[in-house]
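All residue numbers for the sequence shown refer to this note's numbering, where the first residue is 3 and numbers rise by one.
For reference, the structure is listed below as C-alpha cells.
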Amino acid sequence: IGLRGAGKSTLGQMLADDLEMPFIELSREIEKIAGCSVREIHDLYGTNAYRRYERRALEETVQIYGEVVIATPGGIVSDPATFNQLLAHCTTVWLQAAPEEHMGRVAAQGDTRPMAASKEAMDDLRRILSGRAAFYSKADISVDTSGQDMARSFDLLRTAVREAMSHAD
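Below, the structure written as C-alpha cells:
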C-alpha cells in the first residue's frame with residue numbers, strides 16, 4: 003500500500019519474481035471487472051461505484067490466489083470495509099517516500115493526471131499523505147524508500163517481507 007509513486011508496481015513485481023509468486027496490479031483487475039478504465043469508472047459511475055469494483059477485485063484476488071503480491075491503488079484505505087479486508091487477509095507493506103520523491107517519480111513516469119499537472123500539486127500531495135498516513139501506518143511492515151535507489155529499496159523490502167514470512171510459518 004502507499005501513494006502513487008511509492009514504487010508499488012515496480013517493487014511489487016520484483017518481490018513477486020523473487021518469491022516466485024504471481025503479481026497482481028489491483029487497478030487492472032478493477033478495469034477487467036468494470037470493462038472500462040479506472041478514469042471511466044470514476045467519470046461514468048462515480049467514486050462509490052469505483053470503491054465497489056475495488057472491493058470485488060480484492061475479494062476475488064484473495065480467493066483465487068493462495069499466495070500473491072498485490073499492488074493496491076493508493077486510495078484503497080479510503081473504504082474501511084475494503085481496507086479491513088486487506089488487513090485481515092494479507093500481510094501489508096506500506097511503501098513510504100518523501101512527498102517530493104512521490105511527485106518526482108509520478109512526473110518521471112510521464113503522468114499527466116491532475117496531481118502531476120497542478121500548481122498546488124505538492125500541497126495536495128502532502129494533504130493526501132497526511133490524511134492517509136494513519137491508515138497506511140496500520141500495515142504490518144513499513145519500508146521507507148526515501149533517498150534509496152531501486153536496488154536498495156528492493157533489498158529493504160525483500161528483507162522485511164522475508165523476515166515477516168519466517169515469523170508467519
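All C-beta atoms, glycine included, are put in the ideal place defined by N, C-alpha and C.
For residue i, the three-state DSSP class (helix, strand or coil)
{"i": "serine 148", "result": "coil"}
{"i": "leucine 159", "result": "helix"}
{"i": "valine 64", "result": "helix"}
{"i": "valine 71", "result": "strand"}
{"i": "isoleucine 78", "result": "helix"}
Beta-carbon contacts of residue i that lie in its chain and below 8 Å, excluding the five residues immediately before and after
{"i": "valine 163", "result": "Leu17, Leu21, Thr93, Val95 and Ile143"}
{"i": "threonine 63", "result": "Ile26, Leu28, Glu31, Val70 and Ile72"}
Element boundaries [beta strand (DSSP E), containing residue i]
{"i": "leucine 97", "result": "95-98"}
Start and end residues, alpha helix (DSSP H) containing residue i
{"i": "arginine 134", "result": "123-138"}
Contacts around residue i, its chain only, beta-carbon distance under 6 Å, and the 5 residues preceding and following it disregarded
{"i": "methionine 23", "result": "Glu69, Val70 and Val71"}
{"i": "arginine 53", "result": "Asp81"}
Cβ neighbours of residue i in the same chain (closer than 7 Å, five flanking residues each side left out)
{"i": "alanine 51", "result": "Ile43"}
is_contact[residue i, chain D] using C-beta, thresh 8 Å
{"i": "tryptophan 96", "result": "The structure shown has no chain D; it contains just one protein chain."}
As an exercise, report each continuous beta strand (DSSP E) stretch of at least 3 residues that is fully enclosed by the segment 10-59, in chain order. 25-27
Inter-stretch contact (C-beta, 8 Å, three-pair minimum) for the segment 22-29 and the segment 64-79: yes
Count the C-beta pairs between the segment 98-105 and the segment 139-155 that are closer than 8 Å, then say yes if the count reaches three, no if not. yes
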